[in-house]
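Everything on this sheet refers to the single structure shown next.
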Amino acid sequence: MFPVELRGTRAQTLMWADEHEVDQAALRQLRNIAQLPWVHGVRVMPDVHLGKGATVGSVIAMRDAVAPAAVGVDIGCGMESVKTDLTAADLPDSLHSLRSRIEAAVPVGFQAHKNAVDVVKLGAQFTATHGDLARHKTGWNRFWSAFGTLDTGVQALESKARKQIGSLGGGNHFIEVCLDEHDSVWILLHSGSRNIGKELAERHMAVARVLPHNSDLPDRDLAVFLADTPEMAAYRHDLDWAQEYAARNRAVMLSLVCRAMRDEFAERDVHFDQPISCHHNYVAEEMIDDLPMLVTRKGAVRAGAGDLALIPGSMGTRSYVVRGKGNPASFQSASHGAGRRMSRNAAKKQFTVADLIAQTEGVESRKDAGVVDEIPAAYKDIDEVIAAQADLVDIVTTLRQVLCVKG
């Protein structure tokens, strides 16, 4: 059944979604970007929906060019998960205490840590059992010393950026405790590069919009940087730093949640497997159709042969651990989640707190007006999204959340 080809595009655009089920504004975005002369091809994931400038759920291969909007403002946003040796039988009837402990450990929304997390001390606690933080435990001096080489417009934000390492953010970002098919307990989280990634992205987007070669674009939000130019070099430099910031943020956050889990179950020694981590808003240099390309994934994960990835649903449905099949037709990509089926404003108008309570029954979570826009009904059916990409990924594990922290 899939993929299907989107009509009316210059560059080949293949979709793992039915055209008639995709919002017309999102289709216009896809056609606009497929018209750009630098675009080799576009691939559209089943969680596709309207985005700022470029469509969420899109994979774009460009020759010697990159569009910052095709990455988005949350550079390096992605997922991280780890399996614990706890089981459902170890969990108490009420998970409110655990949620409170996690919320005390990890700032949410616009908040940050009062003082930057001591990552060396935190990492020492997890070197043996938490490989991802062990990997990111080193190189902090190198990482932060590069801050002074970033865009001059963000130089006053270093203190804030340091304090936001290990923080969640808001919107669709979350921390969850889940159970798999065998009732093993997992931790799953979703976050990105916080305010510093947004600031860097918006500054480079503003630069791109006024470059002469972008003057005739159908949408100025699709402005690109060209290879071998100072503007491209500056963007790639800051982008790489922000992608690393996002990965380090998730590693620290996951370790804080693991520590909260250990404290909650202090009567036993909780152990953790190796984490699974993946970006879904980023740029990579890859070979596409035997040609070197700059590939942007905005709301999409790499699904190369054997790659493990995480595809979440919503705060009241399932999530999936998947293994990529390396399908070249999709540029070795898969969806990053269920994808929204309605805007946040539409969800707030259509649903009530009572609806949210009903749709998140059995999940320990916020159930108030501040998160109604994250109600499960605002998202596509995750099982249908997974089924649509059966040729892209295999299901490894199915997770159902029992606790969800939102900003």
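Using our numbering, read the sequence shown as starting at -16 and increasing by one per residue. From the three backbone atoms N, C-alpha and C, an ideal C-beta is built for every residue, glycine too.
Where the alpha helix (DSSP H) containing H79 begins and where it ends: H79 to A88
Nearest neighbour of V49, chosen from G307, I158 and R219 [CA to CA]: R219
contact_flag[the segment 51 to 67, the segment 259 to 267] where n(CB pairs < 8 Å) is 3 or more: yes
CA-to-CA distance, L209 to N310, given in whole angstroms: 28 Å
Burial state of P75 (16 or more Cβ within 10 Å): exposed
Best match in L140, P295 and G136 for proximity to A217 [C-alpha to C-alpha]: G136
Ordered list of beta strand (DSSP E) runs contained in the segment -11 to 18, each at least 3 residues: -5 to -2
Alpha-carbon spacing of V355 relative to D223, whole angstroms: 34 Å
Residues bridged to G24 (per DSSP): Q(-5) and A44
C-alpha gap between A330 and I158, whole angstroms: 21 Å
Element boundaries [beta strand (DSSP E), containing R301]: R301 to G307
Bridge partner(s) assigned by DSSP for R242: Beta-bridge pairing links R242 to no other residue.
Extent of the continuous beta strand (DSSP E) to which Q257 belongs: That residue, Q257, is in no beta strand (DSSP E); it is neither H nor E in DSSP.
Any alpha helix (DSSP H) of 4 or more consecutive residues that is wholly inside the segment 111 to 181: 114 to 120, 123 to 128 and 141 to 147
Presumed contact (8 Å Cβ cut-off) between C161 and S302, rounded CB distance: 7 Å
Counterpart residues of E347 in DSSP-defined beta bridges: L386
Candidates K35, Q257 and S313: closest to S238 by CA position: Q257
From V22, S348, P51 and V240, residue whose alpha carbon lies closest to that of R192: P51
One or two residues paired with P275 in a DSSP bridge: M270
Alpha-carbon to alpha-carbon, V305 and G287: 11 Å
D466 - containing beta strand (DSSP E), residue span: Given that the chain is displayed from residue -16 to residue 390, the structure contains no residue 466 and the question cannot be resolved.
Residue closest to T70, alpha-carbon to alpha-carbon, out of F248, M215 and D101: F248
Burial state of L81, where buried means 16 or more other Cβ atoms lie within 10 Å: buried
Within-8 Å CB hit, S77 to chain B: Although the question refers to chain B, the structure presented lacks it and comprises just one protein chain.
Range covered by the alpha helix (DSSP H) that runs through R327: R327 to Q333
Exposure of S198, with buried meaning 16 or more beta-carbon neighbours within 10 Å: exposed
When G153, R(-7), G296 and K308 are compared against K363, the one with the closest alpha-carbon: G296
Delimiting residues of the beta strand (DSSP E) encompassing I58: Looking at the DSSP string, I58 is not in any beta strand (DSSP E), and its letter there is neither H nor E.
T381 versus I179: straight-line alpha-carbon distance, rounded: 33 Å
Selection from L339, P20 and L277 that minimises the alpha carbon distance to M215: L277
N197 - partner residues in DSSP beta bridges: N197 pairs with nothing; no bridge assigned.
Cβ pair G40, G282 closer than 8 Å: yes
Three-state class that DSSP yields for N232 in the structure shown: helix
Closest Cα partner of E141 within the set Y228, M244, P359 and A352: Y228
First and last residue of the uninterrupted alpha helix (DSSP H) at A341: V336 to Q342
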